[in-house]
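Trainee:
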Amino acid sequence: MAPATILVAVFVIAPFFWVIFVSFTNRTLLGRTAVNPEFVGLANYISLFDPVSFFQRGQFGFSLILTTQFVILSALVGQALLGMLLAWLLQSVPKGVKSITETFVIAAWILPEVVIGFAWFAFLDYDNGTLNMIMESLGLPPGDWLLQQPFWVIVIFNVWRGAAFSMMLFNSAFASIPPSYFQAADVAGASSWQKFRDIGLPLIRGHVVTVLILITMWTFNTFTPFLLTNGGPSYRTELISIYTYRVAFRDFDFGKGAAVGVIIMLINLVFALIYLSLGRKRAKGVKT
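Just so we're aligned, residue 3 is where the sequence shown starts under the numbering used here, counting upward by one.
1) Pull up the DSSP beta-bridge partners for residue 41, would you.
2) Does DSSP put residue 129 in a helix, in a strand, or in coil?
3) Using the three-state DSSP reduction, which class does residue 316 fall into: helix, strand or coil?
4) Identify, in the order they occur along the chain, each residue of the same chain with its Cβ nearer than 7 Å to the Cβ of residue 100, setting aside the five sequence neighbours on each side.
5) Which value, in whole angstroms, describes the spacing of the CA atoms of residue 250 and residue 129?
6) Classify residue 223 as helix, strand or coil using the three-state DSSP reduction.
7) Quick check on the DSSP output: what are the complete alpha helix (DSSP H) runs of length 4 or more inside the stretch 102-171, in order along the chain?
8) Hey, quick one: how far does the alpha helix (DSSP H) through residue 86 stretch, first residue to last?
9) Using the beta-carbon count (16 or more within 10 Å), is residue 195 buried or exposed?
10) Does the distance from the C-beta atom of residue 223 to that of residue 266 stay below 9 Å?
11) Nearest by alpha-carbon distance to residue 279: which of 145, 141, 225 and 211 is it?
12) Please work out which residues of its chain come closer than 8 Å, Cβ to Cβ, to residue 276, disregarding the five sequence neighbours upstream and downstream, and give them in chain order.
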């Protein structure tokens, strides 16, 4: 256990406490405070929650609210519903069709983020983008989507990319239901919707909460939309992860960036504790 403990201590525990320490200083990359940072207490946290600028674009509060909207729309509504729908439909198709569908859907998830980002950028390009070519072929006016609707672009992009992960989780949940339940429903003449409403959904209710927590954590920390919009235009797509990157590695304000990182860790800790609590309750239920 010693080598593993050393690796965890060096690459996980030490950076964790270092970030917390830096969040209480005015450390920067350049200037006097880069060499001799000063202890500033809660000044970085107070500046983040300053009520005067909290809701302004480019500030922490605006990014936090934007991220909350992004998570609700793309993860809780988009990914969860689409993933559940795909997983349910795959339960009743031939194995060959199921394998092909899973391959194409999962490909959107396993491909490198940079490749996916540039593919979508080319798809949405105003001059030579595939989407505008399709629009023009249908007699519809083209649009500069990354400029006119940047927030909805990253929402749809994240739903498209993350639905595969949600689908795999729900697919495993549906597979855990004994087939005899559905066979009995078929004999009784139940429709697909009735089987989903009365058998499938009630039996995977615990899995649904777990999936929602996992995709919420994943979406809350995602950085991929940066490849499409760079956080713009005018900070309209600057999620909390992109805001942290800008403050720490563009403005070189490591102290303030570390404070944002600590807040993000606390939010993730809440989700993790809920996830672990649900896992313990499920384990107790299985033993019982």
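Built from N, CA and C at the ideal position, the CB exists for glycine as well.
Mentor: Taking the structure as given:
1) Taking the first residue of the sequence shown as position 1, residue 41 is located at position 39. In the DSSP output, where bridge partners are listed per residue, residue 41 has 27.
2) Locating residue 129 in the sequence shown gives position 127, counting from the first residue. Here residue 129 sits in coil by DSSP.
3) An answer regarding residue 316 cannot be provided, because it is not within the stretch 3 to 290 covered by the chain.
4) The residue labelled residue 100 in the question sits at position 98 within the sequence shown. So the qualifying residues of the chain are 92.
5) Here the question's residue 250 lines up with position 248 in the sequence shown. Here the question's residue 129 lines up with position 127 in the sequence shown. One C-alpha to the other measures close to 34 Å.
6) Counting from one through the sequence shown, the residue named residue 223 turns up at place 221. It is coil, neither helix nor strand.
7) 115-126, 132-139 and 147-150
8) Counting from one through the sequence shown, the residue named residue 86 turns up at place 84. Unbroken alpha helix (DSSP H) run through residue 86: 82-92.
9) Taking the first residue of the sequence shown as position 1, residue 195 is located at position 193. Exposed is the call here.
10) For the purposes of this step, residue 223 is taken as the residue at position 221 of the sequence shown. For the purposes of this step, residue 266 is taken as the residue at position 264 of the sequence shown. Result yes, Cβ atoms of residue 223 and residue 266 sit closer than 9 Å.
11) Within the sequence shown, residue 279 is the residue found at index 277, counting from 1. The residue with the shortest Cα to Cα distance from residue 279 is 211.
12) Residue numbering aside, residue 276 sits at position 274 when the sequence shown is read from its first letter. Within the same chain, residue 276 has close Cβ partners 215.
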